[in-house]
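Note that the sequence shown covers residues 1 to 813 in the UniProt record's numbering.
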Amino acid sequence: MSGLVSGNVLSPTTHIANLLQTLINQKPHRKWGSVAFGRMFRVSLFDDTFLCNRLVECFAKSGDLNNARKVFERVPQKNVYSWNAIISAFCKHGNMDEAHKLFVAMPERNVVSWNTLIGGFVLSGYEERGLSFYKQMNKEGFRSSHFTLATVLSAAGKLGDLEMGRQCHSQLVRVGYDLNLYVENALVCMYAKCGCLGDASQVFDGMATPNEVSCTALMSGLALTHHVDEAFQMFGKMQKNGVRIDAVALSSILGICTRNAKKHDKKYVYDEALELAFDIDQKPTVSPDTCDNSGESLGRQLHCMAVKSGYDLDLLVANCLVDMYAKLGSMDEAESVFKTMLEHNTVSWNIMIAGHGQSGQAEKAMELMCLMQETGFQPDEVTYGSLLGAFVKSNNLDTARMIFDQMANPSLTSWNTIVAGYCQQANDKEALTLFRQMQFSGIRPDRTTIAVILSSCAGLGLLHFGRQVHAASIKAILHLDVFVGSGLVDMYSKCKQINQAKLVFVKMTERDVVGWNSMICGLSLHALHGEAYMVFMQMLEDGTHPTQFSYASVLSSCARLSSLAQGKQVHSRIIKDGFDNDIFVGSSLIDMYAKSGSIEDAYGCFLIMPERNIVSWNEMISGFAQSGHGNEAIKLFEQMLKSDEKPDSITFVSVLSACSHCGMVEEAIQYLHSMEEDYGLVPLADHYACVIDSLGRAGRLKEAEELIEKTEYKSDPVILGVLLGACRVHGNISIGKRVAEQLFEIEPHNPSSFVLLANIYSGLGMYDEASNVRKLMNEQRLIKDHAYSWIEGKGRIHAFMVSDDMAGLVIRN
């Protein structure tokens, strides 16, 4: 190829070569490749292999793969460089199927060919295929370059394949590539991503001149291993030591901020960032002293730095900024950054769609996806997954299901999302149906899937299916996972297998607060309140911090035990942990004090609550009613109505109970009618039972019997039992006998009805008839239920019956 001709005039070949080199060094617009193509065509240079190869690179750099392929096909004498150029073009744009076909068709290959294909697979997220070709490369006798091994290290890091990473490290040492800066950076990245912070730090400390890549890799590793403060400090040291903060470093630290940001103090973050950024006296640096793990304040400073350094216009950094604001719930700020971006990619759109979904704006997320398509971007699996999550979060399962059904190959995450959606709406049957479909489609469940399905099994009481899921978790080695273990405890508890729940709990190698809560709640559900309290105390000894749910569960057990001392002990801990203003815990405290006989303390807790809900009102009204303070219960109910809190079905149970205890029969009947007429609430069996109790206490047994006949609950054993109890008090054998005979048919194995009828006869001196009833009990082998007693001593609660030895009920590992 000649240089200059006729003075300073360039030859056509040199002119085209220079033009192509300039375009390749930049990111050319597609039209410039066509310009070069036209010039080559006009001067008949398509027989020049070198120029054709460069033109392939030019088209590839601009993303015009069609023209790149056309030029490649016209190369007269394709050499290895020609093949490598076109394979590289398809690899860089993620078309690995076409790249692989071209690779197979190559007449001869070199190390660059292998590196290009392996790197393409790894960059496209097919790390395992990349490693497979690396092994094939070795088998065919090609010697790995430092680039090859660095790519393998990248794949090992992404897969978390520490063994492969260490093997590669050993090979690097043997061939002397381990001191290459590019390789050293890859080693730091690999060890960091595999969670081996010690190895990553050792490589980093041994580097002669660590650069921004090395520092960023170690910083990411620190964050990955939950050393967030150290990661922030590392970023500060990078600035202090003059290490260049590039787009990758900024994106990395922004990602750490996003993962650790708290959802408060988020207003005006964007405006403040711009204001600070354009303050000419403000240096674009971030002080390590301000690098706390709240993430929010550091995020502001980083935004300032990005604007001042111009990196806010970088696609990667801009995406991270949008993601940060979106995850903080600041969608206005996220949208402001999004609109100022010079270019968008699929990731940009996906972040915005996911952000609106997380903020409960499913319709807005749908609008964005439509706009995304209008601008030429095709939704991918992440897009549909985010949209699916948005509608599940908005409880719009019909639209969510429609989106899911349109997905060609739903990912595990998408399956988990839709199954969890049905589970959250208590449609456990559909959740289980989808789980079976998922299994048939060949998708292997993970810890999330198992936990969600266990929840559905618990909701439906499907013990048999729950055991199958348990077996599947053992097969997948997921049964030891703390998330799955908690789900198993909950499932067995709700399927009435409390001993199996205890066994799972005891075998858990690791427990979090959810696991402890599941066990406490399960024991309470099975009326093992003493054990529930002791497990709570073990949780404290274990160092696990209780949640609102923990306190509510243990307070419920203390209430059932009427254990005021234990209840007060828990209350002290609640105040210490700062949960005394929690509305959920406050309601539980009212219930505990009321059931423990300390109605003054219950009312005290009610009065100091900063806010109240229907549960709080109901607990206090019920507390007054059950403790014999019926008038106070009615007064509080009237006060509740004035507060604009609308009563529910439970409220009226307490109010009617209060009327019963106070002898307010007419008021009880009036409230019963008011339920439906004024509040649209249909009276249930519990409401009628209270009114029947009121009439019964007043001796108006005939009216009570007539009221029962008018309801749909005429065969309800509880209501009939209340009337039978009233007949015993008032010695009414005629009504009592009729009611008892009904109960014998409805509940032939319940001894209570027989005992009550026998007591009515005995009270009237009809001992022969009473004896006949007891003989009938003996013939049917019915035994009166034994009563339990509880006693507290030495910090433990003992439950016992007559003639029983006291035994502490406590779970031990």
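All C-beta atoms, glycine included, are put in the ideal place defined by N, C-alpha and C.
Rounded straight-line distance, which links the Cα of residue j to that of residue i
| i | j | result |
| --- | --- | --- |
| V347 | M675 | 54 Å |
| V506 | E619 | 34 Å |
| Q437 | T417 | 14 Å |
| V56 | V213 | 30 Å |
| I634 | Q626 | 12 Å |
| P28 | L315 | Here the model assigns P28 a pLDDT of 47, short of 50, so the residue's position is not dependable and the matter cannot be decided. |
| G221 | R244 | 19 Å |
| N319 | I351 | 8 Å |
| S550 | K494 | 17 Å |
| C168 | D161 | 11 Å |
| P107 | F133 | 17 Å |
| R109 | V80 | 7 Å |
| V35 | E73 | Its pLDDT being 49, under 50, V35 is placed unreliably by the model, and the measurement read from it follows with that caveat. When rounded, the distance between both Cα atoms is 19 Å. |
| G141 | M190 | 26 Å |
| S753 | M592 | 31 Å |
| V322 | I590 | 45 Å |
| E645 | H545 | 33 Å |
| A326 | A451 | 28 Å |
| I583 | A231 | 37 Å |
| M640 | R697 | 27 Å |
| Y671 | S336 | 56 Å |
Cut-off 6 Å between Cβ atoms - residues of its own chain near residue i, not counting five sequence neighbours on either side
| i | result |
| --- | --- |
| H479 | S473 |
| S657 | A625, C690 |
| S694 | C659, S660, V665, A668 |
| R447 | L478, D481, F483, V484 |
| D271 | Low local confidence applies: a pLDDT of 42 at D271 is under 50, so the model's placement there is unreliable, with the coordinate-based value given in what follows. Around D271: no qualifying Cβ. |
| S553 | I520, C521, S524 |
| A431 | V419, Y422, C423, S456 |
| E127 | A155, K158, L159 |
| D512 | V482 |
Sequence-distant residues of its chain with Cβ nearer than 7 Å to residue i (five each side left out)
| i | result |
| --- | --- |
| V489 | A501, V504, F505, G515, S518, M519, G522 |
| K283 | Because the pLDDT of K283 is 42, which lies under 50, any placement of that residue in the model is unreliable, and the question is left without a value. |
| K710 | none |
| G120 | C91, M96, A99 |
| D716 | A685 |
| K78 | none |
| I719 | A685, Y688, A689, I692, I708, Y713 |
| G628 | H661 |
Reduced DSSP secondary structure (H/G/I, E/B, other) of residue i
| i | result |
| --- | --- |
| Q77 | coil |
| Q742 | helix |
| Y422 | helix |
| residue 815 | With the chain covering only 1 through 813, there is no way to say anything about residue 815. |
| M106 | coil |
| G242 | coil |
| G329 | coil |
| T346 | helix |
| S649 | helix |
| L224 | helix |
| K429 | helix |
| K101 | helix |
| E712 | coil |
| C91 | helix |
| Y761 | helix |
| H661 | helix |
| D577 | helix |
| L681 | coil |
| F142 | coil |
| H673 | helix |
| D205 | helix |
Contact set for residue i: own chain, Cβ-Cβ below 8 Å, skip 5 residues either direction
| i | result |
| --- | --- |
| N25 | Since pLDDT at N25 reaches only 48, below the 50 mark, its modelled position is unreliable, and the value read off the structure follows with that caveat. So the list is empty, once near-sequence residues are dropped. |
| A527 | R560 |
Any non-hydrogen atom of the ligand FMN within 8 Å of residue i CB
| i | result |
| --- | --- |
| Q566 | Because no ligand of any kind appears in the structure shown, any question about the ligand FMN cannot be addressed here. |
Beta carbon proximity, residue i to chain C, threshold 9 Å
| i | result |
| --- | --- |
| A633 | Of the protein chains in the structure, only one exists, and it is not chain C. |
Could you give the uninterrupted runs of the alpha helix (DSSP H) lying entirely in the UniProt repeat "PPR" (512-546), keeping only those of 4 residues or more?
Those alpha helix (DSSP H) runs which fall completely within the UniProt repeat "PPR" (512-546) and span 4+ residues are 513-525, 529-542.
Hey, which unbroken runs of the alpha helix (DSSP H) at 4 residues or more fall wholly within the stretch 479-509?
482-494, 498-507
What runs of the alpha helix (DSSP H), each 4 residues or longer, lie entirely inside the stretch 342-422?
346-358, 362-374, 381-393, 397-406
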